[in-house]
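Heads up: the sequence shown at position 310 corresponds to 310 in our numbering, and the numbers run straight through without jumps.
We put the beta carbon where it would ideally sit given N, CA and C, even for glycine.
Input: a single structure, listed below in structure tokens.
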Amino acid sequence: MPHKRDGHLSTRSHPPTRHRFAALTLALSLVTGCLTPADDAVGLGETPQLIGGGEGPIIPEPGGVTFNSLTDRHANISFSCGSYEAAWHQLIRDTEGGWAEPVMSWIDCPTGYPRFYSDTSIQPGLRYCYTAIAYNDFYDAQSPTECATAPLDTVAPTAPSVSIGSITQGSFTVQLTDRSDNEGWFKVSVGLSNQTPALRQEIRRVERAHRGTGQVFTVPISGLVSDAAYVVVVEVGHDYAAMSVPTTVATRTLPYPPPTPSGLFEVSKTYDSITVGWENVSNESGYTIKAWRDTTLAKSMNVGKDVVRATLGGLTALTQYRLEVIATNAGGASSPSSPILVTTPAAPVINRESQVPLATADPPATGLLSYYGSFGPWFGEGYRNATLQGIDYVQNWPTQTGTILIRYNRPSSDCLDPALRRVVAPGQSLGPSDINFLFGTQSLANTIYLRGCPLFSNVPDFSAHTWRPAVKLRWTTQG
Numbered sequence: 001m002p003h004k005r006d007g008h009l010s011t012r013s014h015p016p017t018r019h020r021f022a023a024l025t026l027a028l029s030l031v032t033g034c035l036t037p038a039d040d041a042v043g044l045g046e047t048p049q050l051i052g053g054g055e056g057p058i059i060p061e062p063g064g065v066t067f068n069s070l071t072d073r074h075a076n077i078s079f080s081c082g083s084y085e086a087a088w089h090q091l092i093r094d095t096e097g098g099w100a101e102p103v104m105s106w107i108d109c110p111t112g113y114p115r116f117y118s119d120t121s122i123q124p125g126l127r128y129c130y131t132a133i134a135y136n137d138f139y140d141a142q143s144p145t146e147c148a149t150a151p152l153d154t155v156a157p158t159a160p161s162v163s164i165g166s167i168t169q170g171s172f173t174v175q176l177t178d179r180s181d182n183e184g185w186f187k188v189s190v191g192l193s194n195q196t197p198a199l200r201q202e203i204r205r206v207e208r209a210h211r212g213t214g215q216v217f218t219v220p221i222s223g224l225v226s227d228a229a230y231v232v233v234v235e236v237g238h239d240y241a242a243m244s245v246p247t248t249v250a251t252r253t254l255p256y257p258p259p260t261p262s263g264l265f266e267v268s269k270t271y272d273s274i275t276v277g278w279e280n281v282s283n284e285s286g287y288t289i290k291a292w293r294d295t296t297l298a299k300s301m302n303v304g305k306d307v308v309r310a311t312l313g314g315l316t317a318l319t320q321y322r323l324e325v326i327a328t329n330a331g332g333a334s335s336p337s338s339p340i341l342v343t344t345p346a347a348p349v350i351n352r353e354s355q356v357p358l359a360t361a362d363p364p365a366t367g368l369l370s371y372y373g374s375f376g377p378w379f380g381e382g383y384r385n386a387t388l389q390g391i392d393y394v395q396n397w398p399t400q401t402g403t404i405l406i407r408y409n410r411p412s413s414d415c416l417d418p419a420l421r422r423v424v425a426p427g428q429s430l431g432p433s434d435i436n437f438l439f440g441t442q443s444l445a446n447t448i449y450l451r452g453c454p455l456f457s458n459v460p461d462f463s464a465h466t467w468r469p470a471v472k473l474r475w476t477t478q479g
């Protein structure tokens with residue numbers, strides 16, 4: 001039933017601060033006893049004690065508090081308002097091991113109107129009591145107090161994902177990515193692969209509100225041995241259930257970089273390669289050999305552990321290189337060795353021959369049928385310094401006596417001018433001066449174009465034949 005409040009009359013629709021504070025204080029004093037070991041100060045369903053004094057409308061007590069649901073982490077609470085005569089309704093919560101506190105307030109609530117509160121700060125295994133109070137300037141009233149104990153969370157948490165990062169010679173970090181929202185602690189243990197891992201760090205998550213999937217925790221591990229295999233074991237659990245299956249991750253600390261190699265020497269060389277050797281060093285997993293041309297890195301290659309000889313190919317003939325070797329392992333690289341200078345020799349000259357057929361160029365203009373052809377270009381790997389050295393006669397018709405060559409961009413009438421033509425015939429070849437006259441160069445780096453007229457002792461009738469004259473080109477390359 002309601003209790004009459006002391007104090008002066010007031011027409012304010014909301015209680016003054018002094019009265020609200022007095023009402024809350026008295027209500028809390030009544031509620032706090034709900035967790036006394038002997039018995040509840042206000043039993044479930046008990047009529048609340050009347051308090052206060054004064055004149056004014058009497059306030060019916062609010063409807064009883066009801067636990068609509070209660071889990072290990074969440075409570076749904078409801079009650080009904082006592083009367084519209086109450087200017088204010090509050091829901092008070094008292095927690096085992098804690099204190100009473102208002103968790104929700106409502107202004108001007110009609111009689112019997114339901115109010116709901118969702119409490120997401122529940123901790124498993126704790127006892128919670130809720131009381132509704134109503135008051136105006138004259139009277140206070142409170143509902144019966146309802147208490148219940150939150151159930152324990154008996155579900156084992158999901159193990160986190162674990163990764164290792166920031167590995168050095170004496171440390172690394174363990175990164176945990178949370179995959180559960182009900183864990184209470186993480187334990188990270190580390191040990192050498194042949195030893196039992198020892199606990200290095202325990203992370204406790206007291207605040208349930210801070211829990212959730214996707215959170216990342218980084219645990220630094222230091223004081224380790226270099227170049228050693230370690231096992232990391234991560235456990236996760238809480239106080240009310242078995243822990244998850246431990247997650248085990250293997251890793252290895254980095255070694256210190258190897259010492260600088262020494263004794264680099266030239267083994268052999270060709271016009272396009274150099275072979276070098278050196279003395280083996282300890283603590284290496286491989287070597288890097290570099291060839292510099294002035295300040296430009298021309299070639300680089302890697303070899304495996306304990307390999308002490310290497311050949312660098314694809315070099316340029318008649319070129320000086322500065323060579324050095326570097327030892328490497330997972331921890332880094334050594335300083336470069338003392339360099340050596342090696343000059344590649346000239347490439348050998350290779351003689352080549354090619355027969356080039358000529359095709360019909362245009363109709364006869366002066367009684368001579370002209371032909372044309374092309375050759376090249378030849379450059380790049382395997383054809384360094386391709387050079388045309390000579391042009392020889394090829395007889396492929398019985399009455400043919402020779403082949404006249406003229407400049408490609410000239411008319412076929414030049415075939416009749418001895419000063420503008422060059423002739424190849426049996427026992428007669430064209431040399432470098434003739435080649436330069438016809439093409440302006442001996443280089444085959446670009447295409448050369450041939451144009452000419454065949455010579456016959458008896459001109460055949462080609463109306464019934466398909467015939468093409470040809471010449472043989474003699475050319476050379478280096479390498």
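The alpha-carbon of N194 is positioned some 40 Å away from that of P124. For the stretch 256 to 286, the full-length beta strand (DSSP E) segments reaching 3 residues or more read 265 to 270, 273 to 277 along the chain. Spanning the alpha carbons of G440 and P432 requires a straight line of approximately 10 Å. Here T251 is not near V267, since their CB atoms are 8 Å or more apart. Exclusion of the five residues before and after V249 leaves V162, I164, V232 as the residues of its chain whose Cβ lies within less than 7 Å of its Cβ. In the structure shown, C147 falls within a strand segment according to DSSP collapsed to helix, strand and coil. Inter-residue distance for Q389 and T476 is about 7 Å (C-alpha atoms, whole angstroms). In the three-state reduction of the DSSP assignment, P454 falls in the strand class. When the Cα atoms are used, V307 and V342 turn out to be separated by approximately 21 Å. In the structure shown, P432 adopts helical secondary structure according to DSSP, grouped into three states. DSSP places C129 within a strand segment (E or B) once states are collapsed to three. Within the stretch 81 to 117, complete alpha helix (DSSP H) segments of at least 4 residues are not found at all. Of the other Cβ atoms in all chains shown, fewer than 16 fall within 10 Å of the Cβ of R468; this residue is therefore exposed. About 6 Å separates the Cβ atoms of Y117 and L91, confirming a contact at the 8 Å cut-off.
A132 sits close to F79, with the two beta carbons spaced by under 8 Å. R410 and F437 have their C-alpha atoms some 13 Å from each other.
Under the three-state reduction of DSSP, S413 is assigned to helix. Between the beta-carbon of F375 and that of A445 there is about 12 Å, and that puts the pair past the 8 Å contact cut. Using a 10 angstroms sphere on the CB of A198, the tally of other CB atoms stays under 16, which defines it as exposed. Look at F437 here: in three-state DSSP terms it is helix. DSSP assignment within the stretch 174 to 223 yields the following whole beta strand (DSSP E) runs of 3 residues or more, N-terminal first: 185 to 192, 198 to 204, 216 to 221.
Around the beta-carbon of N136, 16 or more other beta-carbon atoms lie within 10 Å, marking it buried. Secondary structure at R293: strand, using DSSP grouped into helix, strand and coil. A distance of 8 Å or more separates the beta carbons of L450 and S338. Between G452 and T401, the C-beta spacing is not below 8 Å.
Inclusion of V281 and P258 in the CB contact set at 8 Å is warranted, their separation being smaller than that value. Just measuring C-alpha positions, the residue of T120, C129, G277 sitting nearest G98 is C129. Comparing C-alpha distances from S457 to each of P398, T177, K299 shows the shortest one belongs to P398. Within the DSSP bridge table, the entry for N329 names G332 as partners.
In the DSSP assignment, G402 falls within the unbroken beta strand (DSSP E) covering 400 to 406. Contact holds between the stretch 286 to 298 and the stretch 323 to 334, because three or more Cβ pairs, one in each stretch, are under 8 Å apart.
Approximately 5 Å separates the beta-carbon atoms of V188 and Q201; this is inside 8 Å, confirming the contact. Here the alpha carbon of R384 sits roughly 10 Å from the alpha carbon of A317. When C-alpha distances from E146 are compared across P426, S273, G63, the shortest belongs to G63.
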